[in-house]
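The next block holds one structure in the form of structure tokens; read it before the comments.
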Amino acid sequence: ADRRTMLAGGCAGMCVDLTLFPLDTIKTRLQSQQGFTKAGGFRGIYAGVPSAAIGSFPNAAAFFVTYESTKSALGAHGALSAPHMAPVTHMLGASLGEVVACLIRVPTEVVKQRTQASLSSNTYQVLLATLREEGVRGLYRGYNSTVLREVGLVSHTHLPSTLTLPKTQWSRRQGHTLYSWQAAVCGAFAGGIAAFVTTPLDVAKTRIMLAKAGTSTASGNIPLVLLDVWKTRGLMGLFSGTIPRVTSISLGGFIFLGAYEKVRRTLL
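Everything in the sequence shown is counted per full-length UniProt numbering, starting at 1 for the first residue and increasing by one.
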């Protein structure tokens with residue numbers, strides 16, 4: 001079952017990343033220091049896609065394997081095995097899953113975002129330039145902000161209020177448990193709210209990854225970066241890229257669920 005989970009998770013993750021890639025490019029450019037138009041506007045909307053394609057499968061697979069094994073380890077026996085503790089084991093498993101997955105996600109994200117924001121160079125050139133200027137460490141720039149953003153997203157999505165409230169109301173009204181598409185609607189709703197709330201962290205992550213080496217932003221101090229965005233662009237700046245971000249995370253949930261089920265069924 002574990003190999004199935006890994007394969008299904010990896011394929012579903014890839015499906016989402018590649019389908020919604022143009023939204024991701026728009027989001028990166030909206031959040032960049034130089035602004036949307038100077039970062040390329042609507043031109044070259046698939047810039048950086050090789051990086052996303054290469055990192056997508058291992059990233060999603062790493063998340064799933066960590067998530068499932070943490071959940072079974074925590075839920076098997078001991079304090080967390082009680083049914084009412086399920087949300088906690090979910091949240092812990094998902095958070096740990098993100099920490100591990102980010103080891104793969106961050107380097108591909110750095111290369112991808114830098115390619116998205118500079119129309120003059122391709123994925124390979126950006127990778128070489130990053131390694132030349134900053135070494136492997138440069139590929140992990142923005143690791144902390146990425147982990148924070150992901151864990152924030154996870155905890156918000158799994159918060160009882162955002163997820164279970166609409167779910168229980170809906171199933172109570174129709175008198176039986178939700179169909180999988182209904183569960184997906186609830187998931188998309190929860191994901192959308194979480195995406196909105198965590199947008200400032202996402203802006204900080206983008207700025208840190210795109211910053212020129214040696215600048216204060218590049219050092220990765222999240223509060224400092226957010227303060228700088230607030231001073232230069234105000235509240236709008238802190239929430240730049242919200243629409244493409246919320247759209248892609250809500251839609252992503254749907255595509256992911258569909259693809260995950262499809263691949264799992266095919267493998268069974």
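Backbone N, C-alpha and C fix where the C-beta goes; we use that ideal spot for every residue, glycine too.
| Alpha carbon to alpha carbon, what distance is there between Val154 and Leu74? | Approximately 18 Å between the Cα atoms of the pair.
| request: Measure the beta-carbon distance from Thr199 to Gly252 and round it to whole angstroms, keeping in mind my assumption that it falls under 8 Å. | output: That belief does not hold up - the Cβ atoms of Thr199 and Gly252 are roughly 15 Å apart, past 8 Å.
| message | Buried or exposed for Phe42, going by 16 or more other Cβ atoms inside 10 Å? | response | Classification for Phe42: exposed.
| field | Test item: CB-CB of Glu133 and Ala213 under 8 Å | value | It is a contact, given that the beta carbons lie within the stated cut-off.
| message | So the candidates are Pro107, Gly142, Val147 and Thr146; which of them puts its Cα closest to the Cα of Leu128? | response | By alpha-carbon distance to Leu128, the top candidate from Pro107, Gly142, Val147 and Thr146 is Pro107.
| task | Give the straight-line distance between the Cα atoms of Arg207 and Leu268, rounded to the nearest whole angstrom. | result | Near 43 Å, if we compare the C-alpha coordinates of Leu268 and Arg207.
| Hey, is Gly41's beta-carbon within less than 8 Å of any beta-carbon in chain C? | In the displayed structure, chain C is absent; only one protein chain is listed.
| Shortest alpha-carbon distance to Gly135 belongs to which of Leu201, Ser118, Val111 and Val151? | Comparing alpha-carbon positions, the option among Leu201, Ser118, Val111 and Val151 lying closest to Gly135 turns out to be Val111.
| query | Around the C-beta of Pro244, are 16 or more other C-beta atoms found within 10 angstroms, so that it is buried, or is it exposed? | reply | Buried: at least 16 other Cβ atoms inside 10 Å.
| Using the rule of at least 16 other Cβ atoms within 10 Å of the residue's Cβ for burial, across every protein chain shown, is Arg114 buried or exposed? | Arg114 comes out buried.
| said: My output table needs one value for Lys231: the three-state DSSP class, helix, strand or coil. | reply: Lys231: helix per DSSP, three-state reduction.
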